[in-house]
Amino acid sequence: MASDAATVVHSNQAVTDLHRGLGRARRRVRLLLAVRLATLGIAVLAGAAAVVVLLLKLGDMWYPLLLPEAALAVVVGGALVAALVWALPDRTIAASVDRRLGLRDRLGTAVQLTATPQPSGMEQAMVADALHHVQRVRTEEAYPLRVYRSTKVAGLSLVALLAVQLLPIPPLFLSTQQREDKALLRKQAANIEPVAKKLREAAKKAGDAEAQRVARKLEKLAQQLRQGKLDKKQALLTFKEMEKELQSVQDEAAPPALKTAAQAARELQQAGRERLASGAQHLAEQAARQGDRELASKLENMAKQARQAERSADLKRLGNELKQHATKLGAGSRLPADLSARLSAALASEDWEATLAELSELDDCLANLASELSDEELQKLAEELAELAEILKDTDLEKLTECLGDVSKCLKAGECERAAQCLAKGLKECEGKVCALKLAKTSSEARKCLGGCRLACRGAGISTDTARGGLGIGPDRGSQESIPPDAEAASLYAPRTTETSGTKERVSTQVRPQGEMLATTEKGPPLTVSESRVPYYEVMGDYSKAVEEALSREEVPPGYRGTVREYFDALQSGTEP
Amino acid sequence: MSEDAMQSQEEAQRQAARFRQLIADLKAEVGKVIVGMETVVENTLIALVAGGHVLLEGVPGLGKTMLVRTLADALDLKFARIQFTPDLMPADITGTTVLWEKPSGEREFRFEPGPIFANVVLADEINRATPKTQSALLEAMQEHSVTVAGTSRLLEEPFLVFATQNPIEMEGTYPLPEAQVDRFLFKVKVDYPSLTELHEIMDRTTGHESLQARKVASREDILGLGALARQVPVADHVQDFALRLVLATHPDKEQAPESVRQFVRYGASPRAGQALILSGKVRALIQERFNVAVEDIKASAAPSLRHRMVLNFEGLAEEVDPDDLIAEATANVERKFEQDVPV
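Protein sequences appear in the order of chains A and B. Count along the first sequence from 1, then add 742; that gives the number in my numbering. Count along the second sequence from 1, then add 2; that gives the number in my numbering.
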């Protein structure tokens, strides 16, 4: 019996080893099963997705760009789960290995015999024989990694899907409208590319990683538009998304200040006007005292012109003329006479670098002429800088306020060199802020550019150039180069052009950060009105909702409510009112 | 636990080695006389170990009788040859009771055993005897006993009948009844030798030398081989395959292929299943395995089933070869049976 017990123990060990050997084969089978199921799923799904995407693209219909890939990922995950839970009992694996390696049912029989409680000598010999073979089994031989037909099909389907997604559809398969759209998008790409490049440079200079990422994204968008990889609707969505990102970059780089640069420029211009007029008046009195009545009269006239001057260029001209006359009268100054004018011009155009450059020039002047400047000149400059410091309060360059105040104090104390050092230090400290402001400005420009592109793509009937100018006010028409944020909504129903027999006039409408917006309005009945390019169905919902709200708020007079309601009902039903 | 089950693994392996050695010796001894016919010899040896009878079918002169005689020479067993003729009577086979006079002058009836009372019986040209005579073998073949004059006498084990028949010379022959055919474990077809084999046969039989097999296996050896073979385990799926194959020879069963439905009248009996499993066990041991494989069943399918399938009129008219039907049935069962993992 002792020998019998020993054989049974030996058999148990053999059973453990047998199961271990089969476990290796099972893991291999699960792996291959996962691969096979995944490739099968990919073959079917990618093929179907390729066809659907192609049809959507041909039909110019929108779809989430990564939806097919997400579905493929789900399929692969499902295949892994299925392979893991696939029932693979020992008996199945044993029979499979037997068949594949020609083991003549050794493993299958052994697995069955392992359940025998008291195996006979022959049965133990059988299990030992099976164990001998299972230990030599190489799972790679039994289950080689084969390229199934489904794998090939999956590969082809994936290539087809990627090709359909990434490659532009040849023009041959596009309708006239689609070709026009592609051309339009390419045109937008040409508009975006320089802006993106500018943004990248500004972001790099400001050291803003997020802005650099957005700039790269913008460049990629331009590239995709140029290559025709995006359709119109995808482009519109991307524009909108990019606009938000650019707004975020802009807000991050330079949060809006309480006082705009344009306001500061106006205040500075006003101060410059008064200073110039006062200076001219002072010189006129001096000329009168010297008996030069002609010059006195001329200077009085200049003081009058200075008070009425609206443009920085006029003030600059007057300042330079005044400096010449002052020199003739022996009251000349070596300090720049048109500092306020130049600074106001720079601020008006939000050219922060130019603003700093003007102040830097003043700094050089102070450093060079420190010992030569008279007290009177220093006092005048101190007053001017104190005034400038006051004006720059609450602006983006508020950092300069303190510096300019210190410089003013130094000048009043007659410490010209110290004032120069102080100004130089202040300017250096502002460089980073200027970079950020430039980045914010560039982001704003890029956002406006995208807004224009979006308008153009939505077929509002406004050309890109016009759209850039906003509401029909292009660069050629007025000084306003940006579009208001709500221009999109207004432009949807705005006729592209109207011919009028009436007169045109400029009227100030609203105050914007950059200053008053000038709008050209046309009076008189339009002769012809071109059709709006926006389909009704795109705007009808918003307009109807707005009308309903207006009616509910009783903003429409009672006598017109019925008419208004009938009008929109008729539009919604597709009939002319 | 039985005595067999008590055997240790090493003992089983040792016995298996002894088994293979004996079979190899038998093959070698038979091979001294018989040229070629490897499959025939192997099937005959399998039947010998399994304790089954063999029906050898082949045209005259192919060495069927010689094979059985040689095998008998290699075995230390009692051998008898019965030449079946139309006038052969059952008593000529089983023996009869004769009146015998003792030396004392007293007379008594005494049973004189016939040639059936041997271990290996060669029933030469069995289909030449009348059905009445052929039927004399029925009891002996199935129950290993002979009943004469109301007295049953057991035959000594092993009892093996090796019958031969000629498939083409049908004049004056009596086809074996189904009941008797079914008692043969195998029906082995003896094919014509190849040119090389013919050369060898000529060399061996036309010279001075007269080769004869020496005895290499005793009665106990043969009985031991049979007992050992019966211990070989059979997995459920292998047995299932064998039984499905048997069922596939029945035209009314779902496993049957279309050809079986068309040409077969009756399929194989359960004895066919026994033949498949038993021969599979012996074949497994010969091939150094301790288990029966599906391949063993497939190898035994034709000799086990071909004589058990009764063709219908259409099958006979079309001269359908049962081997073809068996091959188709095997493929059909295999196709449905072998479900591999889908990788």
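Cβ atoms here follow ideal geometry from the backbone N, Cα and C, with glycine treated the same way. Because the structure is a prediction, the values reported are computed rather than measured.
I believe residue i touches residue j by the beta-carbon criterion, under 8 Å. Please report the beta-carbon distance rounded to the nearest angstrom.
| i | j | result |
| --- | --- | --- |
| B:Lys300 | B:Asp78 | With 8 Å as the limit, B:Lys300 and B:Asp78 do not qualify as a contact, their Cβ atoms being about 34 Å apart. |
| B:Val192 | B:Leu162 | Going by Cβ atoms, the distance from B:Val192 to B:Leu162 rounds to 17 Å, so no, they are not a contact pair. |
| A:Thr851 | A:Met868 | 6 Å |
| B:Phe243 | B:Asn314 | Contact flag wrong, Cβ pair sits at about 26 Å. |
| B:Leu287 | B:Val234 | 6 Å |
| B:Pro177 | B:Asn121 | That pair is no contact at about 28 Å. |
| B:Asn334 | B:Ala270 | Their Cβ separation, rounded to whole angstroms, is 15 Å, which puts B:Asn334 and B:Ala270 out of contact at 8 Å. |
| A:Leu1142 | A:Gly1168 | 6 Å |
| A:Leu1018 | A:Leu1064 | 7 Å |
| B:Pro305 | B:Phe188 | 4 Å |
| B:Pro160 | B:Ile224 | 5 Å |
Can you tell me where the beta strand (DSSP E) holding residue i begins and where it ends?
| i | result |
| --- | --- |
| B:Thr166 | Leu162 to Gln167 |
| B:Gln85 | Phe81 to Gln85 |
| B:Gly97 | Gly97 to Glu103 |
| B:Asp254 | Taken as a continuous stretch (DSSP letters only), B:Asp254 belongs to no beta strand (DSSP E), as it is neither H nor E. |
| B:Val266 | Val266 to Tyr268 |
Would you say the beta carbon of residue i is closer than 7 Å to some non-hydrogen atom of the ligand FMN?
| i | result |
| --- | --- |
| B:Asp94 | For the structure depicted, the ligand FMN is absent and the ligand set is empty, with no information on it obtainable. |
Where DSSP assigns a beta bridge to residue i, which residues make up the other side?
| i | result |
| --- | --- |
| A:Trp1094 | A:Trp1094 pairs with nothing; no bridge assigned. |
| B:His55 | B:Phe186 |
| B:Arg155 | B:Val148 |
| B:Asp78 | B:Ser220 |
| B:Val61 | The partner list for B:Val61 (beta bridge, DSSP) is empty, contrary to what the question assumes. |
| A:Ala792 | Answer is none; A:Ala792 lacks a bridge partner. |
| B:Asp126 | B:Gln85 |
| B:Val312 | B:Tyr268 |
For the alpha helix (DSSP H) containing residue i, list its first residue and its last residue.
| i | result |
| --- | --- |
| B:Pro324 | Pro324 to Phe339 |
| B:His210 | It is not in any alpha helix (DSSP H) - B:His210 carries neither H nor E in the DSSP assignment. |
| B:Arg112 | Where B:Arg112 is concerned, there is no enclosing alpha helix (DSSP H), although the beta strand (DSSP E) it sits in stretches over Arg109 to Pro115. |
| A:Leu927 | Thr918 to Ala948 |
| A:Leu1197 | Cys1158 to Cys1199 |
| A:Ser1155 | According to the sequence provided, residue 1155 of chain A is Ala. The question's Ser does not apply to it. Per DSSP, A:Ala1155 belongs to no alpha helix (DSSP H) and is neither H nor E. |
| A:Lys962 | Ala951 to Gln969 |
| B:Arg16 | Gln11 to Val35 |
| B:Phe315 | Phe315 to Ala319 |
| B:Gln136 | Pro133 to Gln136 |
| A:Lys975 | Lys974 to Ala995 |
| B:Ile118 | From DSSP, B:Ile118 is part of no alpha helix (DSSP H); its letter is neither H nor E. |
Which same chain residues, not among the five before or five after residue i, have their C-beta less than 7 Å away from its C-beta?
| i | result |
| --- | --- |
| A:Ser899 | Ile784, Ala785, Ala788, Gly789 and Ala792 |
| A:Leu775 | Ala825 and Trp828 |
| A:Leu796 | Val906 |
| A:Ala1026 | Ala1038, Leu1041, Glu1042 and Ala1045 |
| A:Ala1029 | Leu1037, Ala1038, Leu1041 and Leu1071 |
| A:Ala957 | Ala938, Leu941, Arg942 and Ala945 |
| B:Leu156 | His146 and Ser147 |
Please list, in chain order, all residues of the same chain as residue i whose beta carbon is under 8 Å from its beta carbon, the five residues on each side excluded.
| i | result |
| --- | --- |
| B:Gln11 | none |
| B:Arg22 | Leu287, Ile288 and Glu290 |
| A:Arg833 | Gly850, Val853 and Gln854 |
| A:Ala836 | Leu764, Leu849, Gly850, Ala852 and Val853 |
| A:Cys1177 | Ala944, Lys947, Ala948 and Gly949 |
| A:Glu1103 | Pro1078 |
Please list, in chain order, all residues of the same chain as residue i whose beta carbon is under 6 Å from its beta carbon, the five residues on each side excluded.
| i | result |
| --- | --- |
| A:Thr781 | Ser892, Thr893 and Ala896 |
| B:Val70 | Leu124 and Phe164 |
| A:Ser1185 | Leu988, Val991 and Gln992 |
| B:Thr87 | Arg130 |
| B:Pro253 | Val262, Arg263 and Val266 |
| B:Leu230 | Gln17 and Phe21 |
In chain order, what residues of the segment 856-869 of chain A put their CB closer than 7 Å to some CB of chain B? Gln860, Ser862, Gly863, Met864, Glu865, Gln866, Ala867 and Met868
Against chain A, which members of the segment 8-21 of chain B pass a CB distance test of less than 9 Å? Met8, Gln9, Ser10, Gln11, Glu12, Glu13, Ala14, Gln15, Gln17 and Ala18
Using a beta-carbon distance cut-off of less than 8 Å, what residues from the segment 251-271 of chain B approach chain A? none
Could you please tell me which residues of the segment 293-316 of chain B, in chain order, have their CB closer than 9 Å to any CB of chain A? Asn293, Val294, Ala295, Val296, Glu297 and Asp298
Taking beta-carbon pairs under 7 Å, can you tell me which members of the segment 222-239 of chain B lie near chain A? Listed by position, the residues of the segment 222-239 of chain B near chain A (Cβ gap below 7 Å) are Gln233, Val234, Pro235, Ala237, Asp238 and His239.
Residues in the segment 31-59 of chain B with C-beta within 7 Å of chain A's C-beta atoms, listed in sequence order? Flagged: no residues at all.
By the 7 Å beta-carbon criterion, what residues does the segment 278-292 of chain B contribute toward chain A? Flagged, chain order: Arg291 and Phe292.
Name, going along the chain, the residues of the segment 770-783 of chain A whose beta-carbon falls closer than 7 Å to a beta-carbon of chain B. Val771, Leu774, Leu775 and Arg778
For the segment 811-832 of chain A, which residues have a CB atom closer than 9 Å to at least one CB atom of chain B, in sequence order? Hits within the stretch, in order: Trp828 and Leu830.
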